[in-house]
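The sequence shown begins at 197 in the working numbering and counts up by one. Cβ coordinates follow ideal geometry from the N, Cα and C atoms, glycine included.
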Amino acid sequence: MLTQLLIFCSALAPSQTQAQVPVVEEPDHRIEAVDVVEDLSEAVADRLLDLADVLRARDYDGARDWFGETFAGQGLGTLEVKATEPLGLGAVRKVLVPTSAPTFDARGFLADLDLRIGTWNRIESVLWKVKGAEFQASEGTRWGRVSLYLEFLGSRAGAPVALTGRVRARVERQEGVWRMTRLVIDSLEESGASAPFFRDVSAACGIAYAGPPFSAMKHRSFAWNGAAAGDVDGDGRIDIFVPSSERNYLYLLGEDGRYREAAVERGVAQPAHGTGAVLFDFDRDGDQDLVVAHVGWREADGKPGGERLQLYVNQGGGRFVERGGDLGLDERWAAYSLTVLDYDGDGWLDLFVCGYGRLDVVHNDSWVDARNGAPNALYRNKAGKGFEEVGGRAGVRGTRWAYAAAAADFDEDGDIDLVIANDYGPKELFKNAGDGTFTEAATALGVIDNGNGMGAAWGDLDQDGRLDLYLSNMSSTAGNRILGRLEKHLEPGILAGLKKLAAGNSILLAKGSGFRALPSANGGIGASWAWGSALFDLDLDGALDVFCTNGFVTGKSAHDT
Numbered sequence: 197m198l199t200q201l202l203i204f205c206s207a208l209a210p211s212q213t214q215a216q217v218p219v220v221e222e223p224d225h226r227i228e229a230v231d232v233v234e235d236l237s238e239a240v241a242d243r244l245l246d247l248a249d250v251l252r253a254r255d256y257d258g259a260r261d262w263f264g265e266t267f268a269g270q271g272l273g274t275l276e277v278k279a280t281e282p283l284g285l286g287a288v289r290k291v292l293v294p295t296s297a298p299t300f301d302a303r304g305f306l307a308d309l310d311l312r313i314g315t316w317n318r319i320e321s322v323l324w325k326v327k328g329a330e331f332q333a334s335e336g337t338r339w340g341r342v343s344l345y346l347e348f349l350g351s352r353a354g355a356p357v358a359l360t361g362r363v364r365a366r367v368e369r370q371e372g373v374w375r376m377t378r379l380v381i382d383s384l385e386e387s388g389a390s391a392p393f394f395r396d397v398s399a400a401c402g403i404a405y406a407g408p409p410f411s412a413m414k415h416r417s418f419a420w421n422g423a424a425a426g427d428v429d430g431d432g433r434i435d436i437f438v439p440s441s442e443r444n445y446l447y448l449l450g451e452d453g454r455y456r457e458a459a460v461e462r463g464v465a466q467p468a469h470g471t472g473a474v475l476f477d478f479d480r481d482g483d484q485d486l487v488v489a490h491v492g493w494r495e496a497d498g499k500p501g502g503e504r505l506q507l508y509v510n511q512g513g514g515r516f517v518e519r520g521g522d523l524g525l526d527e528r529w530a531a532y533s534l535t536v537l538d539y540d541g542d543g544w545l546d547l548f549v550c551g552y553g554r555l556d557v558v559h560n561d562s563w564v565d566a567r568n569g570a571p572n573a574l575y576r577n578k579a580g581k582g583f584e585e586v587g588g589r590a591g592v593r594g595t596r597w598a599y600a601a602a603a604a605d606f607d608e609d610g611d612i613d614l615v616i617a618n619d620y621g622p623k624e625l626f627k628n629a630g631d632g633t634f635t636e637a638a639t640a641l642g643v644i645d646n647g648n649g650m651g652a653a654w655g656d657l658d659q660d661g662r663l664d665l666y667l668s669n670m671s672s673t674a675g676n677r678i679l680g681r682l683e684k685h686l687e688p689g690i691l692a693g694l695k696k697l698a699a700g701n702s703i704l705l706a707k708g709s710g711f712r713a714l715p716s717a718n719g720g721i722g723a724s725w726a727w728g729s730a731l732f733d734l735d736l737d738g739a740l741d742v743f744c745t746n747g748f749v750t751g752k753s754a755h756d757t
C-alpha cells in the first residue's frame, strides 16, 4: 500500500513550465452578434460543467482532455498568503497573492490543484462559471477569452473549506471540443474552519425520508413542499411536519433526541402534494393546529386538480381532525406559502395565503410585471369559530404570482404590515391602515426590488433597533453576461431594471420613513438560485446572520440543475 501511495504521489508531482505569468489576450476582431456570442459562451459553459464533474471526482487523468497540449496556466495550489481575516466561529479567510502562483503545463496544473484539495476528505461541489466571454471573428481556429468564477466547496477533517476566485482563460476549439490553453488568476481566496459548524444528523435522529426525483412520474406538481415546526403534542419539544408529493410526514421528538414518524396515526398523512404549511393555535385552546396549502396539478384529461386548504384541528396531545371545509377554508387556492398574522388586532390569529398560479395551465403574462397569477387570500379568524375570506375587502387580493410573504409591524404604529415576494415582478409592501385595510406602499417607501422573488424576512440587520428587509431572488449568470453585452444598445433605465432582475438577493435597511438598498459590495446577497431565508444570530455575537436556501434540481451531473 505504501509503495502504491508513493507512486501515486510521484505521478502527481507538479511540473513547472515557466516563471512568467501567461498572457490571455483579448480578441482584436470580436464577434459582435449577441446571439452568436451567447451560443458560444453557453457551449464553453457546458463544457466546463463536465470538467467540474470530473474534478469533483478528482479524476485528474480524465480532466486532461479539457486542457490543450500547449496549455500554460497559473496553479491554484501553491500561492503566498497576502492576508488572513477571521470570519467567526473559528473560521478564517486567506487572501492569496495571484502573482505568486507558478505557471504549469496541464499535468502540472492538475497536480498543483491536488496539493490544494487533495487533503480535503470530501468535495461537495465544483463550479467553473462563465461570467463573461469574447470570441475572435476569424477563419480557422475559433478561440476566445472567458472570465470565470471558480468555486470548490468541501470539507477537511470534517470542517468546511472553500476555494473561490476569479480567473481569465483562453479557450480554443480543438478537435470539435473547447479546451483551455491559457489561465491567469485575478483573485483567489481559501476559507475554512477548524471544526464543523453543523453536522447532518437527519438519519441518526430518525428523519431520513427522501422524496422521489423531480423527474419521477410520482411528481404530479412542480411545487416545492416546505415544512412547519412546533410542539404539536404539548411535551415541550419541537416537532416537524413535512408535506411531500406522496404523503405527509409528522415527526414527533422524543426524550432521547430521536424523532418518530406518526402522520398516519395522528391524522395528517393525506392528502399529499402540500406546499406551504404552518402551525398556529387558531382557536386559542393551548395547542398547535395545522394548515396546509396546495398548488394543485393537471389531471390526465387536462383539467386542473388540487385540494382546498387543509385545516387540521388539534384535539389535544397532537391528534388531529381535518375540518377546513366546515370552518370556512372551503376554496381551492393555487398557493405556495402561508403567513400567520393578527391583521385586525383582535387577538385572534388570521391567515394570509400567497396565491401563486398554475404554470402547467397558464404561463405568466410578463417576465417583469406579471399579473395573471392565482389570487391571494386573507382569512379573518372569527374568534376561533372559523374563518372568513376578506382579501378583497382588505386590499391584498392581488394576482401577482405571490411566492412568499412575511408579516411585522415595521413602522411601529401598533398594527401588523405585510411584505410579499412575487415571482416575475416587483415586491409589494402592504401598510396596515389600522382599520382592517392595507395600502400598497412599496415604491413610496423605497422597496423597489424587481425580480423572481422567492422569499422575504424581517430583522434588524444593522442593529439600529428598526426592522430591515432581506429579500430572496433568483439570480442569473447568463442574464448578467448578456446584459453586459447590451449596455450600448439599451436605455440606461431599462438596462438598470433588467440588471436588477438578474442580480440576486437584496438587503433593504430601514432609513427615515422608508428603506434604502444596501450596496451589493457589503455582501450577504450572493445566493444564486435563492429560495427562503432565515435571519438568526449564528455565532452569538449579537448581530443577525443570514441563512438562505438555494439551488434547483440537482442530479449526479452538474448539467442536472
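Nearest-angstrom beta carbon gap, residue j and residue i [assumed within contact, 8 Å]
i      : j      : result
TRP544 : GLY580 : 6 Å
ILE616 : ALA601 : 5 Å
TYR505 : LEU475 : Per the sequence presented here, residue 505 reads as Leu, with Tyr not at that position. Rounded, the Cβ-Cβ distance is 14 Å, inconsistent with contact.
GLY761 : LEU697 : Any property of residue 761 remains undetermined from this structure, which presents the chain solely from 197 to 757.
Closest by C-alpha distance to residue i, when choosing among the options
i      : options                           : result
ASN646 : ARG589, ASP565, ASP607 and GLY582 : ASP565
ARG681 : ASP231, GLY649, ALA640 and THR635 : ASP231
GLU221 : ILE434, VAL367 and VAL397         : VAL367
ASP540 : ASP497, CYS550 and ASP605         : ASP605
TRP597 : ALA307, PRO571, THR673 and LEU614 : PRO571
MET376 : TYR405, PHE305, PHE626 and ARG318 : PHE305
GLY591 : TYR599, LEU574, ARG454 and ALA603 : LEU574
VAL240 : SER351, LEU309 and TRP324         : TRP324
ARG243 : LEU309, VAL326 and THR280         : VAL326
GLU347 : LYS499, GLY708 and GLU320         : GLU320
SER440 : GLY492, ASP427 and ASP257         : GLY492
ALA268 : LEU740, TYR552, ASP308 and GLN659 : ASP308
VAL487 : LYS499, GLY693 and ALA424         : ALA424
PHE748 : MET650, ALA730 and ALA253         : MET650
TYR599 : TYR552, ALA692, ARG567 and GLY286 : TYR552
THR633 : PHE732, ARG593 and GLY328         : ARG593
GLY264 : ASP301, ASP479, LEU555 and LEU691 : ASP301
THR315 : GLY354, VAL288, LEU344 and VAL293 : GLY354
ARG352 : TYR345, ARG318, LEU384 and VAL363 : ARG318
GLY284 : ALA365, ALA391 and LEU245         : ALA391
VAL172 : ASN718, ARG494 and ASP741         : Limits of the chain in this structure are 197 at one end and 757 at the other, which puts residue 172 out of reach.
SER398 : GLY372, ASN444, GLY426 and ARG456 : ARG456
Cutoff 7 Å; reference residue i; Cβ partners in own chain excluding five residues on either side
i      : result
GLN511 : VAL517
ASP772 : This structure does not reach residue 772, given that the chain is present from 197 up to 757, and the question cannot be answered.
HIS225 : GLN332, ALA333 and SER334
TRP662 : Going by the sequence as given, residue 662 is Arg instead of Trp. Excluding residues within five positions, the ones whose Cβ falls inside 7 Å are ASP656 and ALA706.
Alpha-carbon to alpha-carbon, residue j and residue i
i      : j      : result
ALA638 : GLY710 : 9 Å
ALA726 : ALA699 : 11 Å
ARG589 : ASP546 : 15 Å
ARG312 : GLU636 : 52 Å
GLY432 : ARG519 : 25 Å
PRO622 : ARG395 : 37 Å
LEU667 : GLY340 : 36 Å
ASP310 : ALA404 : 34 Å
LYS627 : ALA653 : 16 Å
ARG303 : GLY328 : 26 Å
GLY463 : GLU442 : 15 Å
THR299 : ALA287 : 30 Å
GLY629 : GLY402 : It should be noted that the sequence gives Ala, not Gly, for residue 629. Spanning the two alpha carbons is a distance of roughly 46 Å.
VAL643 : ARG576 : 27 Å
ALA603 : LEU704 : 15 Å
LEU208 : SER237 : Legend: pLDDT at LEU208 = 45, less than 50; position of this residue unreliable, no value from coordinates given.
ARG362 : VAL342 : 11 Å
GLU281 : GLY388 : 11 Å
ALA248 : ASP452 : 42 Å
ASP522 : GLU461 : 22 Å
LEU694 : SER671 : 11 Å
THR586 : ASN648 : The residue you asked about is not Thr; residue 586 is Val in the sequence shown. Taking the straight line from one Cα to the other gives about 27 Å.
Cutoff 8 Å; reference residue i; Cβ partners in own chain excluding five residues on either side
i      : result
MET197 : Bear in mind that a pLDDT of 31 at MET197, under 50, signals an unreliable position, so the number given afterwards is only what the model happens to contain. Cβ within range, chain order: n/a, list empty.
SER206 : Per-residue confidence for SER206 stands at a pLDDT of 35, beneath the threshold of 50, marking its modelled position as unreliable; the derived number appears in the next sentence. None.
ARG260 : ALA302, ARG303 and LEU306
Nonlocal neighbours in the same chain, by C-beta distance under 6 Å from residue i, ignoring five residues either side
i      : result
ALA297 : GLN270, GLY271, LEU275 and ILE381
LYS684 : none
ASN701 : SER668, ASN669, ILE721, ALA723 and ALA726
THR673 : LYS325
Beta carbon proximity, residue i to chain B, threshold 8 Å
i      : result
THR266 : This model lacks chain B altogether; it includes just one protein chain.
What are the uninterrupted segments assigned as beta strand (DSSP E) that are 3 or more residues long and contained completely in the segment 608-692, given in chain order?
-> 613-618, 624-628, 634-636, 649-655 and 664-669
Going along the chain, which unbroken runs of the beta strand (DSSP E) with 3 or more residues stay wholly within the segment 406-477?
-> 424-426, 435-438, 445-449, 455-457 and 470-476
What are the uninterrupted segments assigned as beta strand (DSSP E) that are 3 or more residues long and contained completely in the segment 280-351, given in chain order?
-> 287-292 and 318-331
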